[in-house]
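Numbered per mature numbering (1 follows the signal peptide of the UniProt record, and there is no 0), the sequence shown spans residues -21 to -1, 1 to 123. For glycine and all other residues, C-beta sits at the position ideal for the given N, C-alpha and C. Just so it is clear, the structure is predicted and the values come from calculations on it, not from any experiment. Just below is one structure, and these are the notes that go with it.
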Amino acid sequence: MLRSAFLVLTFCGAAFSLGLGRTQSAGVRGVLTCDGKPLAGVKVKLYDDDRGIDTDDLMASGKTDADGRFSLQGYTSEFTTIDPKLNIYHDCNDGIMPCQRKISIMLPDKYVSSGKEPKIFYDAGTMEMSGKFKGEERDCLNRA
């Protein structure tokens, strides 16, 4: 029994490291504001959220434009349906606090497409970043 479990884990680990699985994509767009004004130059990243021992897969990254707008799309290969997650790293109303505020938003499964190009984008709308978000964290590694 233990040998079988070891073989399955070895196969799965090898398959993930070789990028096997089905190619899936996701896309997200939106606008970020701080106290009603556009948040320009804010780092945004699109990940496939992997739970367990596998690290999250970065699918795309970028920054908001002068109007606070962003648009990201990316793809990765997984055996199971990917779990796309938008991370936003910002300093809105942060004062002299170290690092940046980090907000993560999980995209619904219906916005996952087969292939390298998303067929439908998740529209995050206009997000006011001045308030506190549930699950908000601090991040010192993703400076803009």
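Nearest-angstrom Cβ-Cβ length linking residue i and residue j, presumed shorter than 8 angstroms
| i | j | result |
| --- | --- | --- |
| residue 2 | residue 105 | 31 angstroms between Cβ atoms; not a contact. |
| residue 84 | residue 64 | 7 angstroms |
| residue 118 | residue 89 | Not really, about 28 angstroms apart at Cβ, beyond 8 angstroms. |
| residue 53 | residue 5 | 7 angstroms |
Cβ-based neighbour list, residue i, same chain, cut-off 6 angstroms, excluding 5 preceding and 5 following
| i | result |
| --- | --- |
| residue 14 | 109 |
| residue 58 | -1 |
Residue i (DSSP reduced to helix, strand or coil)
| i | result |
| --- | --- |
| residue 24 | strand |
| residue 35 | coil |
| residue 64 | strand |
| residue 150 | Here the chain covers residues -21 to 123 and nothing more, so residue 150 does not appear. |
| residue 111 | coil |
| residue 118 | strand |
| residue 102 | strand |
Other residues of its chain near residue i: CB distance less than 7 angstroms, five sequence neighbours each side excluded
| i | result |
| --- | --- |
| residue 37 | 24, 26 |
| residue 55 | 3, 27, 36, 38, 61 |
| residue 107 | 12 |
According to DSSP, residues forming a beta bridge with residue i
| i | result |
| --- | --- |
| residue 55 | 3 |
| residue 18 | Paired residue(s): none; residue 18 is not in a bridge. |
| residue 89 | Paired residues: none, contrary to the question. |
Does the region 69 to 81 come close enough to the region 48 to 59 that 3 or more CB-CB pairs lie under 8 angstroms? no
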